[in-house]
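Taken in order, the first sequence gives residues 28 to 516; the numbers are from the numbering used here.
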Amino acid sequence: MQRVRVRFAPSPTGYLHVGGARTALFNWLFARHYGGDFILRIEDTDLVRSTEESVQAIFDGLTWLGLDWDEGPGKDGDHGPYYQTERLEIYRRYAQELIDKGRAYYCYCSPEELDQRRKELLAAGQAPRYDRKCLGLSAAEVERYKAEGRVPVIRFKAAEVGRTIVDDLVRGKVVFENEVVDDFVIVKSDGMPTYNFAVVVDDHLMEISHVIRGEDHLSNTPKQIQLYEALGWEVPQFAHISMILGPDKTKLSKRHGATSVIQYKDDGYLPEALLNYLALLGWSYNATDNLFTKEQLIEYFTLDGVSKNPAVFDYAKLQWMNGVYIRQTSVERLTDLCRPFLEQAGLITRDLSPAELARLTKIVAEMQTRLKTLNEIADLTSYFFTDVEYDEQALKNLRSELAPQVLERLAADLEGMPEFTQAALEAEFAKLMEEFDVKLGKLIHPVRAAVTGRAVSPGIYETLLLIGRDEVLKRLRAGAAKAKELLAE
RNA sequence: GCCCCCAUCGUCUAGAGGCCUAGGACACCGCCCUUUCACGGCGGCGGCAGCGGUUCGAAUCCGCUUGGGGGUACCA
28 MQRVRVRFAP SPTGYLHVGG ARTALFNWLF ARHYGGDFIL RIEDTDLVRS TEESVQAIFD
88 GLTWLGLDWD EGPGKDGDHG PYYQTERLEI YRRYAQELID KGRAYYCYCS PEELDQRRKE
148 LLAAGQAPRY DRKCLGLSAA EVERYKAEGR VPVIRFKAAE VGRTIVDDLV RGKVVFENEV
208 VDDFVIVKSD GMPTYNFAVV VDDHLMEISH VIRGEDHLSN TPKQIQLYEA LGWEVPQFAH
268 ISMILGPDKT KLSKRHGATS VIQYKDDGYL PEALLNYLAL LGWSYNATDN LFTKEQLIEY
328 FTLDGVSKNP AVFDYAKLQW MNGVYIRQTS VERLTDLCRP FLEQAGLITR DLSPAELARL
388 TKIVAEMQTR LKTLNEIADL TSYFFTDVEY DEQALKNLRS ELAPQVLERL AADLEGMPEF
448 TQAALEAEFA KLMEEFDVKL GKLIHPVRAA VTGRAVSPGI YETLLLIGRD EVLKRLRAGA
508 AKAKELLAE
């Protein structure tokens, strides 16, 4: 078997989309599995839509996911350059070769004219294919067009009979009648190659062995195969993976939720979680496993496991998986990951003293089983850093005859306690349980409400300890006052 | 319009003619654990799009219908 060389070839016209990331991932896994090369190529021939920021977004997204490339921008190999706009001379050469071979020709039809004729054909119920008006242009006609100031495109002279078969690794043999492919443009009037042309030239010159890409490219493949054949080149292996859909089964887009890889980072997803989830969209290893490390994915990934049906992006499952990875990671790393979110919420500062960091780490540890995404950390832990604000449920838990008594009594006892420890707290609550003759829960609910302003928090002892004695006393007394106030109403 | 792809629980999927009274995961619903919320454990709900074939036997093969997706650009 020849050396495996695959590529991810995005066009830099926006952020890195999760669909693109999934294509990159499959290519990357394929390369790593077979010990081949993963190449990154930037398809920036659309001068209008391509931007520098988008190129950076692609780098950032891939890097965040840990998808490193063996050749590409910033990593020169023997097959560069890796930006198509830097390869124009190459495309020009092969376009000329096709013209010389009689397999391509200049076309002076304007977009407006083409559009009109296309509409006419459509209206007549016919396939909207190019009518070859410019195929046999005489020298005089060419001169006339030039005099009119027309700038030509170059069209490929497609086969008119027979059929082109795409032998696809995931879909099997797909047959296209050649009569359905018309003389498509290979070089635009601005001198840029079109996608179908550049992709063939580059994939050949870069010695790509397998073209793994989205299913939206399947219909273009016969054009590309005809180009390979006209140029006398070997056709690579194709594998078209299905699309990623939104919950309404249409192509995934912004209105379905986040589609940008970096958006997931900003929303508090771990890269390994997104990676794992993406791997499962359209690929599976066996009937039972869902969780895979990157190493396992590399070991298990083959095209056999790729399914043909489109996959709906399931935010709920991604979220569950993110929770799994949050629980799996170390508290230290989790703390580091949470810090930017807490900083952004204004709950902590960028620089923390060792004591502050130690406390933060304990707080994060308490949240580890409660987080689905990192960005939840701020809301879940705000009362550890700021004054309490009672929410509705907390107010309810405070509104009882027992509450003020319990809170005041507890405050008094805690103040005089020799040690503020979990054991001491447990003993104290046990004592109060007897004194007030109530179950533990009856005690805890108002205390939690007073101390956190919430009905939900970590275990009460852990919470009290993390808030600290002085602050606890303050909050208990404030809570007692609030409770009385509520009763008076 | 024409061409191509796809079709198993709500979702991702296992299933490559008898192992399927269709398995797993997420979601959902119960129960257990429990000071709340999570986590965890246990259980439940729920599907082979329809119709015709082929076969002793079909989720699995074939055809049609229906539904969804993609392409049909001087976008990629």
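C-beta atoms are modelled at their ideal positions from N, C-alpha and C, and glycine is treated no differently.
Note that the structure is a prediction, hence the values are computed from the model and not measured.
Asked                                                                                                                                                     : Found
Please confirm if the region 271-279 is in contact with the region 36-49, defined as three or more CB-CB distances below 8 Å between the two stretches.   : yes
Judging by CA-CA distance, which residue of S236, R145, I126, N223 is the nearest neighbour of D195?                                                      : S236
If you follow the alpha helix (DSSP H) that I353 is part of, which residue opens it and which one closes it?                                              : 342-355
Would you list the one or two residues that DSSP bridges to K200?                                                                                         : D194
In its own chain, which residues sit with a C-beta less than 8 Å from the C-beta of K466, not counting the 5 before and 5 after it?                       : M460
Return the residue from the list I289, G189, Q449 that minimises the CA-CA distance to Y42.                                                               : I289
Does DSSP put Q395 in a helix, a strand or coil?                                                                                                          : coil
Is the number of C-beta pairs between the region 425-438 and the region 401-414 that are closer than 8 Å three or more?                                   : no
Terminal residues of the continuous beta strand (DSSP E) containing V212?                                                                                 : 212-214
To which residues of the same chain is R34 closer than 6 Å at the C-beta, ignoring the five residues directly before and after it?                        : I66, R68, I235
Pair every Cβ in the region 175-191 with every Cβ in the region 125-133, then say whether three or more of these pairs are closer than 8 Å.               : yes
Examine the Cβ distances between the region 396-408 and the region 367-377 and report whether three or more of them are shorter than 8 Å.                 : yes
Just verifying my parser: in three-state terms, what is the DSSP assignment at V227?                                                                      : helix
How is the beta strand (DSSP E) around A482 delimited, first residue to last?                                                                             : Counting along the chain, A482 falls outside any beta strand (DSSP E), and DSSP gives it neither H nor E.
To the nearest angstrom, how far is it from the Cα of S334 to the Cα of T112?                                                                             : 35 Å
Across the region 378-396 and the region 337-344, are there enough close Cβ pairs to call them in contact, namely three or more that are closer than 8 Å? : no
Going by Cα to Cα distance, which pick from D229, K423, D217, E455 is closest to P473?                                                                    : K423
Could you tell me the alpha carbon to alpha carbon distance between N336 and G241, rounded to whole angstroms?                                            : 12 Å
Is the distance from the Cβ of Y304 to the Cβ of M348 below 8 Å?                                                                                          : yes
DSSP on R182, reduced to helix/strand/coil?                                                                                                               : strand
Can you tell me whether DSSP reads G468 as helix, strand or coil?                                                                                         : helix
State buried or exposed for N313, treating a residue as buried only when at least 16 other CB atoms are found within 10 Å of its CB.                      : exposed
So, helix, strand or coil for L379, using DSSP?                                                                                                           : coil
Look at the alpha carbon of S287 and the alpha carbon of T376, and state the distance between them as a whole number of angstroms.                        : 28 Å
Tell me which residue opens and which closes the beta strand (DSSP E) that H106 is part of.                                                               : First-last for H106: undefined, no H or E at that position.
Measure the C-alpha to C-alpha separation of G176 and E124 and round it to an integer number of angstroms.                                                : 25 Å
Taking C-alpha atoms, which residue in Q395, K215, R481, D418 lies nearest to L74?                                                                        : K215
Classify D105 as buried or exposed, calling it buried when 16 or more other Cβ atoms lie within 10 Å of its own Cβ.                                       : exposed
Would you report the Cα separation of D275 and G284, rounded to the nearest angstrom?                                                                     : 12 Å
Of all the options Q323, D316, D331, L401, which has the alpha carbon lying nearest to the alpha carbon of V358?                                          : L401
Between the C-alpha atoms of L307 and Y296, what's the straight-line distance to the nearest angstrom?                                                    : 16 Å
What residues in its chain sit with their C-beta under 8 Å from that of T50, if we drop five residues either side in the sequence?                        : F35, I239, R240, G241, I268
At what residues does the beta strand (DSSP E) containing C365 begin and finish?                                                                          : Segment 358-371 is the alpha helix (DSSP H) holding C365; no beta strand (DSSP E) there.
Compare the Cα-Cα distances from R397 to each of K173, D497, G486, K469 and report the closest residue.                                                   : G486
Can you give me the Cβ contacts of N247 inside the same chain, cut-off strictly under 7 Å, excluding the 5 residues immediately before and after it?      : N223
Specify the secondary structure class of Y172 as computed by DSSP and reduced to three states.                                                            : helix
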